[in-house]
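Enquirer: In the numbering used here, the protein residues as written are 69 to 373.
Glycine included, each C-beta is placed from N, C-alpha and C at the ideal position.
1) What is the rounded straight-line gap between the Cα of residue 311 and the Cα of residue 151?
2) Please report the Cβ distance between residue 236 and residue 226, rounded to the nearest whole angstrom; I am assuming they are in contact, meaning their Cβ atoms lie under 8 Å.
3) Using DSSP bridges, identify the partner residues of residue 250.
4) Rank 191, 222, 90 by C-alpha distance to the C-alpha of residue 139 and give the top, closest one.
5) Between 280, 268, 329, 224, which has its C-alpha nearest residue 367's C-alpha?
6) Can you find at least 3 beta carbon pairs, one from the segment 253-262 and one from the segment 295-302, that sit closer than 8 Å?
7) By Cβ distance below 7 Å, which residues in the same chain neighbour residue 73 in space, the five residues on each side in sequence not counted?
8) Does the contact criterion of 3 or more C-beta pairs under 8 Å hold for the segment 326-346 versus the segment 149-169?
9) Might you give, ordered along the chain, the residues of its own chain that have their beta carbon closer than 8 Å to the beta carbon of residue 364, omitting 5 neighbours on each side?
10) In the DSSP output, what is residue 159 paired with across the bridge?
11) With residue 212 and residue 244 assumed to form a contact (beta carbons below 8 Å), what rounded beta-carbon distance in angstroms separates them?
12) At which residues does the alpha helix (DSSP H) containing residue 367 begin and terminate?
13) Could you name the residues that DSSP lists as bridge partners for residue 271?
14) Looking only at C-alpha atoms, which of 316, 337, 319 sits nearest to residue 326?
15) Please report the Cβ distance between residue 360 and residue 120, rounded to the nearest whole angstrom; I am assuming they are in contact, meaning their Cβ atoms lie under 8 Å.
16) Kindly list the residues whose CB is nearer than 7 Å to the CB of residue 163, restricted to its own chain and excluding five residues on each side of it in sequence; keep chain order.
17) Sorted by chain position, which residues of the same chain lie with C-beta nearer than 7 Å to residue 169's C-beta, five sequence neighbours on each side aside?
18) Cutting at 6 Å between CB atoms, please list the residues of its own chain near residue 193, excluding the five before and the five after it.
19) Give the range of the alpha helix (DSSP H) segment to which residue 313 is assigned.
20) Are the CB atoms of residue 239 and residue 208 within a distance shorter than 8 Å?
21) Nearest by alpha-carbon distance to residue 351: which of 334, 362, 292, 165 is it?
22) For residue 228, count neighbouring C-beta atoms within 10 Å of its own C-beta (all shown protein chains included) and say buried if the count is 16 or more, exposed if not.
23) Looking at the strands, I want to know which residues DSSP matches up with residue 324.
24) What is the DSSP secondary structure of residue 225, counted as helix, strand or coil?
25) Along the chain, where does the beta strand (DSSP E) containing residue 299 start, and where does it finish?
26) Tell me whether residue 85 sits in a helix, a strand or coil according to DSSP, three-state version.
27) Using 8 Å for Cβ pairs, my map puts residue 143 next to residue 214. What's the rounded Cβ distance?
28) What is the residue span of the alpha helix (DSSP H) that residue 329 lies within?
Quick look at the structure:
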């Protein structure tokens with residue numbers, strides 16, 4: 069194993085942030101494949117806990133801290149896991165109360181749920197969450213109303229925009245680095261924004277061109293690791309701080325089978341799974357990653373509540 073990263077402040081230049089969407093992998097099945105979308109999911113508590121703790125051990129080996137976007141259903145079902153993550157020095161942020169596209173929930177309902185979810189995460193982590201990521205990265209051009217709710221709730225940043233196009237998500241022409249989104253068009257920057265948008269890393273970062281998704285997640289498993297590393301190195305060379313993400317399910321090679329799973333879900337959940345943990349180690353070996361609040365501290369100071 070290569071030499072582990074030093075944890076002494078100022079010794080190594082940070083390359084960006086590592087984020088984890090903490091959820092039961094079945095909660096991320098495509099909305100079209102979940103017949104009763106708004107029904108409470110039965111969380112496999114043991115499996116989520118075991119895989120997450122394996123991931124925590126891996127991060128410990130590399131002296132790496134991360135931002136965990138915690139699904140509200142996980143916080144309710146496994147509160148001790150959230151406390152454990154926070155006790156290890158990782159940042160706790162919100163992944164929404166449930167893994168449902170925000171457009172499927174009434175606005176007044178989602179506002180109430182976010183308020184309740186925020187209070188729970190604050191209780192478990194010992195500090196109020198600063199960040200939010202929508203399920204399925206489902207914050208699009210006309211979803212500034214959600215960012216307005218988050219700002220009023222005291223959130224500093226959102227990280228739901230992916231400046232590319234995929235069959236599942238994407239805001240292709242959004243800025244590719246931190247910006248204040250325009251509430252009437254989240255894909256555009258506004259000088260008087262009230263919350264910072266931290267887009268997931270894509271490559272290449274050419275202005276007004278959709279990027280190739282290399283910010284991990286499914287692509288951590290699917291792309292050849294050489295392609296992922298090339299894109300991330302390009303961003304680093306261009307002085308663009310990285311925002312990488314993954315799910316515990318991306319490094320889980322023993323997922324149980326699910327009857328009636330769609331072909332698309334099968335590809336997303338199982339394709340390349342055997343490479344997930346080894347590819348993550350390659351990233352952690354080369355890049356100096358930490359929490360969003362640390363990696364983007366200077367820009368977040370501008371919206372400090």
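Expert: Taking the definition as stated:
1) Here residue 311 refers to the residue found at position 243 of the chain shown. Here residue 151 refers to the residue found at position 83 of the chain shown. One C-alpha to the other measures close to 24 Å.
2) Stepping through the chain shown from its first residue, residue 236 is reached at position 168. Stepping through the chain shown from its first residue, residue 226 is reached at position 158. That pair is no contact at about 18 Å.
3) Position 182 of the chain shown, counting from 1, holds the residue named residue 250. Residue 250 pairs with 253.
4) The residue labelled residue 139 in the question sits at position 71 within the chain shown. When only C-alpha atoms are compared, the closest one is 90.
5) Residue mapping note: residue 367 aligns to position 299 of the chain shown, counting from 1. Measuring from the Cα of residue 367, the nearest candidate turns out to be 224.
6) no
7) Against the chain shown, residue 73 aligns to sequence position 5. Here residue 73 scores only 48 on pLDDT, less than 50, and its place in the model is too uncertain to base an answer on.
8) no
9) Counting from 1 along the chain shown, the entry for residue 364 is found at position 296. Excluding positions up to five away in sequence, the list reads 85, 225, 246, 264, 266, 309.
10) For the purposes of this step, residue 159 is identified with residue 91 of the chain shown, where counting begins at 1. Residue 159 is bridged to 135.
11) Here residue 212 corresponds to residue number 144 of the chain shown, with the count starting at 1. Here residue 244 corresponds to residue number 176 of the chain shown, with the count starting at 1. In fact, because the Cβ distance is near 19 Å, the residues do not count as touching under 8 Å.
12) As a working note, residue 367 is residue 299 in the chain shown. Element bounds for residue 367: 365-368.
13) What you label residue 271 is simply residue 203 of the chain shown in a count that begins at 1. Answer is 280, bridged to residue 271.
14) Sequence index remark: in the chain shown, residue 326 carries index 258 (1-based). If we check each option's Cα against that of residue 326, 337 comes out closest.
15) What you label residue 360 is simply residue 292 of the chain shown in a count that begins at 1. What you label residue 120 is simply residue 52 of the chain shown in a count that begins at 1. The pair is not a contact, with the Cβ atoms about 18 Å apart (cut-off 8 Å).
16) Counting from one through the chain shown, the residue named residue 163 turns up at place 95. Around residue 163: 89, 90, 91, 137, 138, 139, 201, 203.
17) Here the question's residue 169 lines up with position 101 in the chain shown. Correct list, in chain order: 99, 203, 204, 206.
18) Taking the first residue of the chain shown as 1, we reach residue 193 at position 125. Closer than 6 Å at Cβ, skipping near neighbours: 154, 160.
19) In the chain shown, counting from the first residue as 1, residue 313 sits at position 245. Residue 313 -> not in any alpha helix (DSSP H); beta strand (DSSP E) instead, spanning 310-314.
20) If you number the chain shown from 1, residue 208 lands on position 140. If you number the chain shown from 1, residue 239 lands on position 171. Yes. Within cutoff.
21) Taking the first residue of the chain shown as 1, we reach residue 351 at position 283. Closest by alpha carbon: 292.
22) As a working mapping, residue 228 is identified with position 160 in the chain shown. By the neighbour-count rule (16 or more Cβ atoms within 10 Å), residue 228 is buried.
23) The residue given as residue 324 occupies position 256 in the chain shown. Paired residues: none, contrary to the question.
24) Numbered from 1 along the chain shown, position 157 holds the residue referred to as residue 225. If DSSP states are grouped into helix, strand and coil, residue 225 belongs with the strands.
25) Translated into the one-based positions of the chain shown, residue 299 becomes position 231. Here residue 299 belongs to no beta strand (DSSP E); instead the alpha helix (DSSP H) covers 293-305.
26) Numbered from its first residue, the chain shown carries residue 85 at position 17. If DSSP states are grouped into helix, strand and coil, residue 85 belongs with the strands.
27) Your numbering for residue 143 matches position 75 in the chain shown. Your numbering for residue 214 matches position 146 in the chain shown. Their Cβ separation, rounded to whole angstroms, is 19 Å, which puts residue 143 and residue 214 out of contact at 8 Å.
28) As a working mapping, residue 329 is identified with position 261 in the chain shown. Note, residue 329: premise wrong, no alpha helix (DSSP H); not H, not E.
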